[in-house]
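One structure below.
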Amino acid sequence: METIICPTDFSACSENAIKYADALAQYIGARIVLVHNVYEPVIVELAPFEALPYVEAIQDPEYRHHQQDKLDALIAQMNGQEHAAPVAYESKIKYGITTNSILQVAKEEQADLLVLGHEGLQEQFGESATARLIRDAHCPVLVVPPHATFRPPSKIVFVTDLKGESLTDVCLVCQVATHFRAELQVLHILEEDTMKNRQQAEAGLALLLKRLPCQKASTHLEVDRNPSEGILKFCFRQQADLLVAGYRAKGFRLNPFAHDNLLDIAANTFLPLLVVHHKQ
Numbered sequence: 104m105e106t107i108i109c110p111t112d113f114s115a116c117s118e119n120a121i122k123y124a125d126a127l128a129q130y131i132g133a134r135i136v137l138v139h140n141v142y143e144p145v146i147v148e149l150a151p152f153e154a155l156p157y158v159e160a161i162q163d164p165e166y167r168h169h170q171q172d173k174l175d176a177l178i179a180q181m182n183g184q185e186h187a188a189p190v191a192y193e194s195k196i197k198y199g200i201t202t203n204s205i206l207q208v209a210k211e212e213q214a215d216l217l218v219l220g221h222e223g224l225q226e227q228f229g230e231s232a233t234a235r236l237i238r239d240a241h242c243p244v245l246v247v248p249p250h251a252t253f254r255p256p257s258k259i260v261f262v263t264d265l266k267g268e269s270l271t272d273v274c275l276v277c278q279v280a281t282h283f284r285a286e287l288q289v290l291h292i293l294e295e296d297t298m299k300n301r302q303q304a305e306a307g308l309a310l311l312l313k314r315l316p317c318q319k320a321s322t323h324l325e326v327d328r329n330p331s332e333g334i335l336k337f338c339f340r341q342q343a344d345l346l347v348a349g350y351r352a353k354g355f356r357l358n359p360f361a362h363d364n365l366l367d368i369a370a371n372t373f374l375p376l377l378v379v380h381h382k383q
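Quick note on the numbering used here: the sequence shown kicks off at 104 and runs consecutively.
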């Protein structure tokens with residue numbers, strides 16, 4: 104993992120996410136690219152019928168300079184803190200729709216991780232920029248709650264729906280666990296606790312455990328009609344440091360019939376959530 108993208112609007116929440124990313128980057132030796140987007144009005148010129156209009160962002164050089172000064176000050180602030188290892192910072196200012204700009208920078212920089220701060224406004228989460236970035240990012244996304252403080256994770260919970268984990272998923276999760284020498288707890292939630300469901304789940308967990316190249320790995324089976332609540336309850340009881348969940352375009356891996364489960368977790372999580380994007 105070499106490049107971390109951190110969007111910032113200079114809010115306390117986004118700056119907390121940057122502090123989290125900064126501490127993480129010290130451990131993994133990554134560089135950080137700060138991205139600030141200026142959402143400006145646009146000029147739309149008339150175009151022939153059914154043709155795409157020409158759109159140009161109205162850019163104020165003085166305002167851009169002011170925002171760049173704020174980015175430079177933020178980088179100076181981060182560099183002024185005591186570091187176990189140096190962290191290389193870069194910054195970019197973009198214009199347009201915020202989510203589009205962030206996704207563009209992540210692609211240009213070949214990002215390995217996108218770190219986002221989120222306020223936890225549950226009712227509005229589905230329409231938030233964080234939700235869209237979770238859905239559309241090409242790289243893993245780390246959602247950092249407002250008051251989360253980085254510490255090397257000692258206990259990681261990895262949620263599975265037992266529908267077939269890809270080699271990429273398994274390797275990434277194990278790499279993170281191995282790097283931090285963390286205990287990896289593989290969790291599956293049963294919505295309906297029948298003998299057949301339990302036997303199938305136990306067999307699936309046992310098979311998955313054999314595929315995990317981790318010395319400190321265990322499997323756990325929980326029952327809850329609300330999967331997202333069941334996951335967070337388990338994390339709370341286990342005092343987990345990091346939650347890892349997978350996301351596909353068709354929905355959350357845990358329950359393909361309830362595609363909002365992952366977004367529910369992201370909106371309500373009290374600990375950092377790492378979202379892995381599964382390729383179709």
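Every residue gets a Cβ at the ideal spot worked out from N, C-alpha and C, and that includes glycine.
Count the other CB atoms within 10 Å of the CB of residue i; is the residue buried (16 or more) or exposed (fewer)?
{"i": "residue 299", "result": "exposed"}
{"i": "residue 321", "result": "exposed"}
{"i": "residue 189", "result": "exposed"}
{"i": "residue 272", "result": "buried"}
{"i": "residue 343", "result": "buried"}
{"i": "residue 291", "result": "buried"}
{"i": "residue 364", "result": "buried"}
{"i": "residue 296", "result": "exposed"}
{"i": "residue 263", "result": "buried"}
{"i": "residue 252", "result": "exposed"}
{"i": "residue 337", "result": "buried"}
{"i": "residue 51", "result": "The structure shown does not extend to residue 51, since the chain is modelled only from 104 through 383, so no value can be given for it."}
{"i": "residue 113", "result": "exposed"}
{"i": "residue 360", "result": "Note on residue 360: pLDDT 34, under 50, position unreliable in the model; the coordinate value appears next. Exposed, by the Cβ-count rule."}
{"i": "residue 309", "result": "exposed"}
Measuring CB to CB, does residue i end up less than 8 Å from residue j?
{"i": "residue 232", "j": "residue 257", "result": "no"}
{"i": "residue 311", "j": "residue 289", "result": "yes"}
{"i": "residue 345", "j": "residue 368", "result": "no"}
{"i": "residue 220", "j": "residue 348", "result": "no"}
{"i": "residue 128", "j": "residue 108", "result": "no"}
{"i": "residue 104", "j": "residue 236", "result": "no"}
{"i": "residue 241", "j": "residue 209", "result": "yes"}
{"i": "residue 218", "j": "residue 245", "result": "yes"}
Keeping to the same chain, check which residues put their C-beta closer than 8 Å to that of residue i; ignore five residues upstream and five downstream.
{"i": "residue 115", "result": "249"}
{"i": "residue 239", "result": "202, 206"}
{"i": "residue 175", "result": "194"}
{"i": "residue 134", "result": "105, 106, 107, 128, 190, 191, 192, 193"}
{"i": "residue 166", "result": "141"}
Return the chain-ordered list of same chain residues with a C-beta closer than 6 Å to the C-beta of residue i, the five sequence neighbours on each side being excluded.
{"i": "residue 193", "result": "136"}
{"i": "residue 324", "result": "291, 304"}
{"i": "residue 280", "result": "259, 287, 317"}
{"i": "residue 356", "result": "For residue 356, the predicted model reports a pLDDT of 46, less than 50, meaning its position is unreliable; a value from the coordinates is still stated below. So the list reads 264, 349, once near-sequence residues are dropped."}
Alpha carbon to alpha carbon, how far is residue i from residue j?
{"i": "residue 277", "j": "residue 163", "result": "47 Å"}
{"i": "residue 255", "j": "residue 179", "result": "24 Å"}
{"i": "residue 306", "j": "residue 196", "result": "50 Å"}
{"i": "residue 315", "j": "residue 274", "result": "8 Å"}
{"i": "residue 170", "j": "residue 328", "result": "47 Å"}
{"i": "residue 373", "j": "residue 266", "result": "27 Å"}
{"i": "residue 140", "j": "residue 339", "result": "35 Å"}
{"i": "residue 358", "j": "residue 200", "result": "With a pLDDT of 41 at residue 358, under the threshold of 50, the predicted position of this residue should be treated as unreliable, and no value is reported."}
{"i": "residue 212", "j": "residue 301", "result": "44 Å"}
{"i": "residue 122", "j": "residue 181", "result": "8 Å"}
{"i": "residue 318", "j": "residue 379", "result": "22 Å"}
{"i": "residue 172", "j": "residue 118", "result": "15 Å"}
{"i": "residue 293", "j": "residue 333", "result": "9 Å"}
{"i": "residue 198", "j": "residue 111", "result": "13 Å"}
{"i": "residue 261", "j": "residue 287", "result": "7 Å"}
{"i": "residue 126", "j": "residue 204", "result": "25 Å"}
{"i": "residue 282", "j": "residue 130", "result": "9 Å"}
{"i": "residue 377", "j": "residue 132", "result": "18 Å"}
{"i": "residue 313", "j": "residue 243", "result": "24 Å"}
{"i": "residue 375", "j": "residue 124", "result": "11 Å"}
{"i": "residue 384", "j": "residue 138", "result": "Limits of the chain in this structure are 104 at one end and 383 at the other, which puts residue 384 out of reach."}
{"i": "residue 247", "j": "residue 214", "result": "17 Å"}
Using a Cβ-Cβ cut-off of 7 Å (strictly less than) and excluding sequence neighbours within five positions of residue i, which residues of its own chain qualify?
{"i": "residue 341", "result": "258, 260, 288"}
Between residue i and chain C, is there a C-beta pair that is closer than 8 Å?
{"i": "residue 192", "result": "Judged by its chain identifiers, the structure shown contains no chain C, having just a single protein chain."}
Taking only runs that begin and end inside the segment 270-296, name each unbroken beta strand (DSSP E) of 3 or more residues, in chain order. Within the segment 270-296, the complete beta strand (DSSP E) runs of at least 3 residues are 286-293.
Whole runs of the alpha helix (DSSP H) within the segment 215-256, excluding any shorter than 4 residues: Whole alpha helix (DSSP H) segments, 4+ residues: 232-239.
Which residue spans inside the segment 328-355 form an unbroken alpha helix (DSSP H) run of at least 4? Here the runs fully enclosed are 330-341.
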